[in-house]
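**Student:** Every letter in the sequence shown is one number past the one before it in our numbering, and letter 23, counting from 1, is 24. Structure below; questions to follow.
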Amino acid sequence: LLEMVIDPVCALVFEAETAEKNVMRRPPRSRGKTMVDFKMALFSFVQGAVASLLIAGALLYV
Numbered sequence: 002l003l004e005m006v007i008d009p010v011c012a013l014v015f016e017a018e019t020a021e022k023n024v025m026r027r028p029p030r031s032r033g034k035t036m037v038d039f040k041m042a043l044f045s046f047v048q049g050a051v052a053s054l055l056i057a058g059a060l061l062y063v
């Protein structure tokens, strides 16, 4: 049931996102460069940790 709500909403959000300018004129990334660097991985981890702490705090509060 949850997927029936989340999937269409995600599709609408991605379709509404505007394309970056000159995206097809940029050269591709080099083979040696990773898709996710340390800075992006750290940001994702911190974001997940903060969300988890907020949810745990809300559950303990209730």
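Don't be surprised by glycine CBs; every beta carbon is placed ideally from N, CA and C. All of these numbers come straight from a predicted model, not from anything done at the bench.
Are the beta-carbon atoms of S45 and V37 separated by less than 9 Å?
**Tutor:** Against a cut-off of 9 Å, the Cβ pair of V37 and S45 comes out as a contact.
**Student:** Mapping DSSP to helix, strand and coil, what is E18?
**Tutor:** Coil.
**Student:** Whole angstroms is fine: what's the gap from L3's alpha carbon to G33's?
**Tutor:** Distance between the alpha carbons of L3 and G33 is about 39 Å.
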